[in-house]
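Presented below is the structure to which this report refers.
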Amino acid sequence: MTVPISYYLLLSAVLFGLGVVAFVFKRNVITVFMSVELMLNAVNLAFVAFARAYNKFDGLVDVFFVIVVAAAEAAVGLAIVIMLRRNRESLNVERVDLLKF
Amino acid sequence: MSLPLIVFLFFALLAVAGAVMVILAREPIHSALALVLVMVALAVLYLLLGAEFIAAVQIIVYAGAIMVLFVFVIMLLNMGLEERTNFSKFAYVGLVAAFALLLEAAHWMFHSSVGAGVANGSQPVTAFSTVELSKLLFRSYLLPFEATSILILIAILGALVLARKEE
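Residue numbers (the numbering used here), protein chains in the order written: chain A, 78 to 178; chain B, 379 to 545.
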């Protein structure tokens, strides 16, 4: 009757893969950040699916912590993006090469 | 096809379409709105899995707070179309390898005895109770919970220090 857990895991893997592709192919700092959020979301789906498979709450607590850390990361990351814009005029990741050897 | 399966397939396709839109859109604001679509679709899937609290948090914190922050910064910085630049040709090799890995994982999930045993086992239909979740969060996981509040505080201070204009 219910949807098999494997379907959720497969969806989670696909979303994570798309997140990795976006992370590698996108050239704008903000969209690179958004692909990190996409990957975090995919992992959250896997956590909830496994919590359901084993009927344990611990996976849900992990999702809660992932969301909190994502919020903190977004706040600091976007502050860095604003600094970058102020100092470099461009948000293309290829132009941010001060530390590149 | 049962109703839960139809709902799952619809919102799974919606989530994947949103993720593809994130990659294909050239305006950052379109990517952000597509990502909101993915998050809302995932919230529905959490409801389908019986995780009501997580679904609510997903809508309020992710789609509400975090994505509003993203859209706010995109509007604030007024960036134009994304530039397309050349990337390494090895990226295609990585794409093929990632696809092979995905097929392998799918095969494991659907056909191996171990994977299918975990993944297709019978599941109870009752929802996760928020009362039990909060008991776990405020008893067993009390220390990590308090640590995250420190983390949020540090993140706020860090954001303020970074985005402040130098006098």
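Ideal Cβ placement from N, Cα and C applies to all residues, glycine included.
All figures in this text were calculated on a predicted structure; none of them were measured in a lab.
Which of the three DSSP states, helix, strand or coil, is assigned to residue i?
i: residue 132 (chain A); result: coil
i: residue 105 (chain A); result: strand
i: residue 118 (chain A); result: helix
i: residue 164 (chain A); result: helix
Exposed or buried, which one is residue i when buried takes at least 16 other CB atoms within 10 Å?
i: residue 133 (chain A); result: exposed
i: residue 507 (chain B); result: exposed
i: residue 420 (chain B); result: buried
i: residue 444 (chain B); result: buried
i: residue 103 (chain A); result: buried
i: residue 111 (chain A); result: buried
i: residue 379 (chain B); result: exposed
i: residue 131 (chain A); result: exposed
i: residue 477 (chain B); result: exposed
i: residue 129 (chain A); result: buried
i: residue 481 (chain B); result: exposed
Report the CB separation of residue i from residue j in whole angstroms; it is logged as a contact under 8 Å.
i: residue 398 (chain B); j: residue 115 (chain A); result: With 8 Å as the limit, residue 398 (chain B) and residue 115 (chain A) do not qualify as a contact, their Cβ atoms being about 11 Å apart.
i: residue 126 (chain A); j: residue 92 (chain A); result: Between residue 92 (chain A) and residue 126 (chain A) the Cβ distance is about 12 Å, and since that is not below 8 Å, they are no contact.
i: residue 432 (chain B); j: residue 137 (chain A); result: 6 Å
i: residue 388 (chain B); j: residue 423 (chain B); result: Contact doesn't hold; Cβ gap of about 10 Å is too wide.
i: residue 173 (chain A); j: residue 161 (chain A); result: 6 Å
i: residue 522 (chain B); j: residue 142 (chain A); result: 6 Å
i: residue 158 (chain A); j: residue 106 (chain A); result: 5 Å
i: residue 124 (chain A); j: residue 113 (chain A); result: Actually they are not in contact, since the Cβ atoms of residue 124 (chain A) and residue 113 (chain A) sit about 17 Å apart, beyond 8 Å.
i: residue 451 (chain B); j: residue 117 (chain A); result: Residue 451 (chain B) to residue 117 (chain A), Cβ: 18 Å. No contact.
**Study point:** Near-chain A residues of the region 381-396 of chain B (beta-carbon distance less than 7 Å), N- to C-terminal order
**Key:** 382, 383, 386, 390, 393 and 394
Review point. According to a CB-to-CB cut-off of less than 8 Å, which residues of the region 134-162 of chain A neighbour chain B?
Key: 134, 135, 137, 138, 140, 141, 142, 144, 145, 146, 147, 148, 149, 150, 151, 152, 153, 155, 156, 157, 158, 159, 160 and 162
**Study point:** Against chain B: residues of the region 81-101 of chain A by CB proximity under 8 Å
**Key:** 81, 82, 83, 84, 85, 86, 87, 88, 90, 91, 92, 94, 95, 96, 97, 98, 99 and 101
Exercise for review: Scan the region 112-123 of chain A for residues whose Cβ lies nearer than 8 Å to a Cβ of chain B and list them as they occur along the chain.
Suggested key: 112, 114, 115, 118, 121 and 122
Check your understanding: Between the region 417-429 of chain B and chain A, which residues of the former have CB atoms less than 8 Å from a CB of the latter, in chain order?
Key -> 417, 420, 423, 424, 426, 427, 428 and 429
Exercise for review: Below 7 Å between beta carbons is the criterion; list the residues of the region 400-417 of chain B that meet it against any residue of chain A, in chain order.
Suggested key: 400, 401, 406, 409, 410, 413, 416 and 417
Check your understanding: Relative to chain A, which residues along the region 509-530 of chain B have a C-beta separation below 7 Å, given in chain order?
Key -> 510, 511, 514, 515, 519, 522, 526, 529 and 530
**Study point:** Contacting positions in the region 161-175 of chain A - beta carbon closer than 7 Å to chain B
**Key:** 162, 168, 169 and 171
**Study point:** Unbroken stretches of the alpha helix (DSSP H), 4 residues or longer, contained in the region 401-431 of chain B
**Key:** 406-426
Check your understanding: What residues from the region 446-458 of chain B come within 7 Å of chain A, judged by C-beta to C-beta, listed N to C?
Key -> 447, 448, 451, 452, 455 and 457
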